[in-house]
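Sequential numbering from 0 applies to the sequence shown in numbering that gives the first Met the number 0. A virtual CB, placed ideally from N, CA and C, is assigned to each residue, including glycine. Please read all numbers here as calculations on a predicted model, not as lab measurements. Report on one structure; see the data block that follows.
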Amino acid sequence: MKVFITGGGGMLGHRLARALATRGKLVDESGTLQAITQIKVFDTGFPAERDARLVYVQGDLAAPGALADAMDADTDTVFHLAAVVSAGAEAEFDLGMRINIEGTRTVLELCRRLNAPPRVLFTSSVAAFGGAMPDVLDDATTPTPQSSYGTQKVIGEYLVNDYTRKGFIDGRSMRLPTIVVRPGRPNLAASSFASSVLREPLNGEISKCPVADSTGVWLLSPARAIDAFMHAHDLPAAAWGSYRVVNLPGITATVREMVDALGRIAGRERAALVQDVPDERIRAIVKTWPTKLRTPRANAMGFKADPDIEAVIRAHIADHDIKL
Ligand SMILES: NC(=O)c1ccc[n+]([C@@H]2O[C@H](COP(=O)([O-])OP(=O)(O)OC[C@H]3O[C@@H](n4cnc5c(N)ncnc54)[C@H](O)[C@@H]3O)[C@@H](O)[C@H]2O)c1
């Protein structure tokens, strides 16, 4: 099977590509495990450390012909992860529209023209929800995005649904919780604090937390997210039915619970590296996010959350070989 990953140089995209290369197999449309013969990653840039098992193609989703040149006609599966993420799409409206809507349409149109309808996995977000919401959201909660990014993701979901209904693709959209612990440096995303309060102290550095410690986060670890992508792919079309969107399971942890768990695992000194530095702009954004969801549809489909916040922290320590 040939796999194509847009955003394959990104945090989740590159990790997914490597996980697929290690697994070596995906389920095809007949339900049979098939060997993966090629994994092509497409992005504007890639991590310095390359993986010899992957085919790297540098290109811009929005550049005419770039994606068409990169995607082979006999591609079986497309994971569409490339996106201008939350704060970026809010700060640069036109760029967000171009990549997150027109870019997604370009991906779907190319998929439509492949030799056979491919499986297409689309990474949506809980940013689909926002504003006045119930305390606990569920599968029946109507998306009410309060950001350009969230709006663009919901439009992407609808496109994936309709291209699937028309038989052009076999599409599946996952609304991801905030991914914690994100490796690397703090970024401009409003959710950056959720990883920073754990990651920086684990590296022996100070973390400036912009939100109150009672702030809750709906979260999933990178490893569970990758498991979810592969599981979403391998499920039979019948398991998805006519509505191709799922709210992935997650866990809720407040900043206080994260820092307490950090203290139990890595010691009080590291937990004390988290400093309260209020930022009203971030607080205002974060206040509109959902913090608790019930996900019976995802649970019935076999998707899994992390057991608890301690497991999330321990996974990050093991992944990055952090010495305590
Ligand atoms: N990380 C999270 O907390 C989270 C939560 C919800 C949804 N998501 C979604 O999951 C996906 C992956 O997220 P991530 O955390 O790995 O983000 P990321 O920013 O690390 O990866 C996104 C990748 O898309 C690439 N990209 C952007 N514009 C492009 C273009 N014009 N052409 C080609 N590539 C382009 C970027 O270079 C980047 O490598 C995204 O669609 C994101 O919206 C992530």
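Can you check whether the CB of ILE205 is closer than 7 Å to the CB of LEU107? Residue 107 sits at position 108 when you count from the first residue of the sequence shown. Residue 205 sits at position 206 when you count from the first residue of the sequence shown. In this structure, ILE205 does not lie closer than 7 Å to LEU107 by Cβ.
Contact test: ALA61 Cβ vs ligand 1 heavy atom, cutoff 6 Å: For the purposes of this step, residue 61 is taken as the residue at position 62 of the sequence shown. True, at least one ligand heavy atom lies under 6 Å from that Cβ.
Is the Cβ-Cβ distance between ALA304 and ILE250 less than 7 Å? Within the sequence shown, numbered from 1, the residue matching residue 304 stands at position 305. Within the sequence shown, numbered from 1, the residue matching residue 250 stands at position 251. The answer is yes: Cβ separation under 7 Å.
Reduced DSSP category for VAL84 - H, G, I as helix; E, B as strand; rest coil: In the sequence shown, the residue the question calls residue 84 occupies position 85. In the structure shown, VAL84 sits in coil (DSSP, three-state: anything other than H, G, I, E or B).
Per DSSP, cross-strand counterpart(s) of THR253: If you number the sequence shown from 1, residue 253 lands on position 254. For THR253, which the question treats as bridged, DSSP gives the partners GLY215.
Flag this pair as yes or no: are the beta carbons of SER147 and GLU91 separated by less than 7 Å? Start at 1 with the first residue of the sequence shown, and residue 147 comes out as number 148. Start at 1 with the first residue of the sequence shown, and residue 91 comes out as number 92. No, the Cβ-Cβ distance between SER147 and GLU91 is not below 7 Å.
By DSSP, does ASP42 sit in helix, in strand, or in coil? On the sequence shown, residue 42 is found 43 positions in, with the first residue counted as 1. It is a strand residue.
As an exercise, report each continuous alpha helix (DSSP H) stretch of at least 4 residues that is fully enclosed by the stretch 63-143, in chain order. 65-69, 85-90, 92-95, 103-111
Near LEU113, what residues of its chain come up, given a Cβ to Cβ distance below 8 Å and the 5 sequence neighbours on each side ignored? Position 114 of the sequence shown, counted from the start, is the residue given in the question as residue 113. Excluding residues within five positions, the ones whose Cβ falls inside 8 Å are MET70, ALA72, ASP73, THR74.
Could you pull out every residue in the same chain whose Cβ sits closer than 7 Å to the Cβ of ARG313, ignoring the five residues on either side in sequence? In the sequence shown, the residue the question calls residue 313 occupies position 314. Excluding residues within five positions, the ones whose Cβ falls inside 7 Å are ILE264.
Could you tell me the alpha carbon to alpha carbon distance between ALA47 and VAL180, rounded to whole angstroms? Reading the sequence shown from its first residue, position 48 is the one you call residue 47. Reading the sequence shown from its first residue, position 181 is the one you call residue 180. Each residue's alpha carbon lies about 21 Å from the other.
Element boundaries [beta strand (DSSP E), containing ARG282]: On the sequence shown, position 283 is the one that residue 282 refers to. Segment 279-285 is the alpha helix (DSSP H) holding ARG282; no beta strand (DSSP E) there.
Starting from ASN246, trace the beta strand (DSSP E) in both directions and tell me its first and last residue. What you label residue 246 is simply residue 247 of the sequence shown in a count that begins at 1. That run of the beta strand (DSSP E) goes 244-246.
Please name the residue or residues paired with MET173 in a DSSP beta bridge. Within the sequence shown, the letter at position 174 stands for residue 173. According to DSSP, MET173 bridges with THR122, VAL245.
Segment contact flag, the stretch 120-140 with the stretch 33-50, C-beta cutoff 8 Å, min 3 pairs: no
C-alpha gap between ILE100 and THR214, whole angstroms: As a working note, residue 100 is residue 101 in the sequence shown. As a working note, residue 214 is residue 215 in the sequence shown. Going from the Cα of ILE100 to the Cα of THR214 covers about 31 Å.
Does ligand 1 have a heavy atom nearer than 6 Å to the CB of SER124? Position 125 of the sequence shown, counted from the first residue, corresponds to residue 124. Yes, Cβ of SER124 sits closer than 6 Å to a heavy atom of ligand 1.
What are the boundary residues of the beta strand (DSSP E) that ILE4 is part of? As a working note, residue 4 is residue 5 in the sequence shown. Where ILE4 is concerned, the enclosing beta strand (DSSP E) stretches over 1-5.
Contacting residues, own chain, Cβ-Cβ under 8 Å from GLY301 (five flanking each side not counted): Numbered from its first residue, the sequence shown carries residue 301 at position 302. Only HIS230, LEU234 meet the Cβ criterion.
Can you tell me whether LEU218 sits near ligand 1, meaning its C-beta is under 6 Å from at least one heavy atom of the ligand? Reading the sequence shown from its first residue, position 219 is the one you call residue 218. For ligand 1, not one heavy atom lies less than 6 Å from the Cβ of LEU218.
Under 6 Å from any heavy atom of ligand 1, does the C-beta of VAL245 make it? For the purposes of this step, residue 245 is taken as the residue at position 246 of the sequence shown. No - ligand 1 has no heavy atom lying nearer than 6 Å to the Cβ of VAL245.
From PHE45, LEU66, LEU19, pick the residue whose C-alpha is nearest to that of ARG52; which is it? In the sequence shown, residue 52 corresponds to position 53, counting from 1. Checking every option, the nearest Cα to that of ARG52 belongs to LEU19.
C-alpha gap between ILE321 and GLY23, whole angstroms: Numbered from its first residue, the sequence shown carries residue 321 at position 322. Numbered from its first residue, the sequence shown carries residue 23 at position 24. Taking the straight line from one Cα to the other gives about 28 Å.
Counting only runs that start and end within the stretch 146-214, where is the alpha helix (DSSP H) found for 4 or more residues in a row? 147-164, 191-201
How about ARG243 and VAL159: do their beta carbons lie closer than 7 Å? Counting from one through the sequence shown, the residue named residue 243 turns up at place 244. Counting from one through the sequence shown, the residue named residue 159 turns up at place 160. Yes, these two residues count as a Cβ contact at 7 Å.
Nearest to ALA252 by alpha carbon, out of PHE3, ILE308, GLU279? Along the sequence shown, read from residue 1 onward, the residue named residue 252 stands at position 253. Measuring from the Cα of ALA252, the nearest candidate turns out to be ILE308.
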